[in-house]
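In full-length UniProt numbering, the protein residues as written are 1 to 363.
In structure tokens form, the structure reads like this:
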């Protein structure tokens, strides 16, 4: 019967236990041996002795242990401490609240009940830019609804050279004939009551004034009567009923329109055409809430162009503080739109563009 030897009874070598079994012979030399090795045995002994003295683990130096020196940037020897950008605390709070607003809008629970399908043609077609401007300006549906435009054009179209009347065309002109003092026959067009109602283009002249001016002996010119002011339209606001009909692609398309309108206004600031207002800023803000966090590079470039247009408008407002139109988009509205693009989609370099624009205004 063979007995197994215990671990203590095994022959210990001069070297510490390693992962593998030692195959090459090693010279038995004192630890302080420091002469030039004459053979491979002595060389292997020195290599293994030096390896035991090395640390088993190493630590790389931390490059951030020492604080980096602060770089004080001074452009042109002027101080720009008075340039005020939105603070970092405000940006973080704004980002949180914007995301909550977008989440609440996507999960709206203010109304519980059966879903009512939206009416068709509630908003213009996304490819019709001019109709969208009329829609946002509060103009009547006949000016921005494509189907109503076609119907109105068909009504105004004159009858063709045919031998029969159009069955769909209803004649509203009524003629009345009578004999005057000289026995001649005259015809008078009876006034349609619908034509005397107020319209978006203005209110017609009252009937009594119209009859007085039509008398043969009347010497009062038409221009002497006071002209009524043109009707002012109330801009449409971005209510939930409209925004539910706008998806992400449509929102990006409409934001491209707003960029065009702002740039068009800045190219000719004196004109009233495409004047950006706070109502437009609210539309842009709500349209941005319809866009996801992750978008394509082309769509990101579209948002960056929108933010740069707002920065250019902000620069214009800073320069023209005394002679600004009261209905022009305000400075806080511009900051909110720039902050939305810069913080939600992490375009932090836009803050450098905004700071550069403000420095030009201060210089």
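We treat Cβ as the ideally placed atom computed from N, Cα and C, and that holds for glycine.
Small disclaimer: the values here were computed from a predicted structure and weren't measured.
inquiry  = Checking 8 Å against the spacing of the C-beta atoms, do residue 291 and residue 353 come in under that value?
reply    = no
message = Quick check on the DSSP output: the alpha helix (DSSP H) that includes residue 259 runs from which residue to which?
response = Start and end: 248–267.
query = What three-state label does DSSP hand residue 292 in the structure shown?
reply = DSSP places residue 292 in coil when its eight states are reduced to three.
query = Are the Cβ atoms of residue 259 and residue 306 separated by less than 8 Å?
reply = yes
Proximity winner among 287, 303, 313, 338, relative to residue 102 (alpha-carbon distances) = Checking every option, the nearest Cα to that of residue 102 belongs to 287.
ask   = Tell me which same chain residues have a C-beta within less than 8 Å of the C-beta of residue 234, skipping the five on either side of it?
value = 138
ask   = Just to confirm, are residue 275 and residue 324 a CB contact at a threshold of 8 Å?
value = Contact flag unset, no.
Own chain, CB closer than 7 Å to residue 351, minus 5 neighbours either side, in chain order = 85, 342
key: Coarse secondary structure for residue 36, derived from DSSP in three states   = coil
query = Should residue 45 go down as buried or exposed, given a rule of 16 or more other Cβ atoms within 10 Å for buried?
reply = buried
query = Secondary structure at residue 345, three-state DSSP: helix, strand or coil?
reply = Secondary structure of residue 345 (DSSP, three-state): coil.
request  = Drop a sphere of 10 angstroms on the beta-carbon of residue 360, count the other beta-carbons inside from all chains shown, and report buried for 16 or more, exposed for fewer.
outcome  = exposed
task = Can you have a look at residue 33 and say buried or exposed, based on whether 16 or more other CB atoms are within 10 angstroms of its CB?
result = exposed
C-alpha gap between residue 252 and residue 57, whole angstroms = 55 Å
task = Between the Cα of residue 97 and those of 362, 340, 60, spot the shortest distance and give me the residue it belongs to.
result = 340
query = For residue 358, does the three-state DSSP call read helix, strand or coil?
reply = helix
ask   = Do you know whose CA, among 261, 280, 279, lies nearest residue 271's CA?
value = Of the candidates 261, 280, 279, the one whose C-alpha sits nearest the C-alpha of residue 271 is 261.
request  = Indicate the three-state DSSP secondary structure (helix, strand or coil) for residue 274 in the structure shown.
outcome  = Assignment of residue 274 by DSSP, reduced to helix, strand and coil, places it in the coil class.
ask   = Is there contact here, the segment 293–300 with the segment 313–322, by at least three beta-carbon pairs under 8 Å?
value = no
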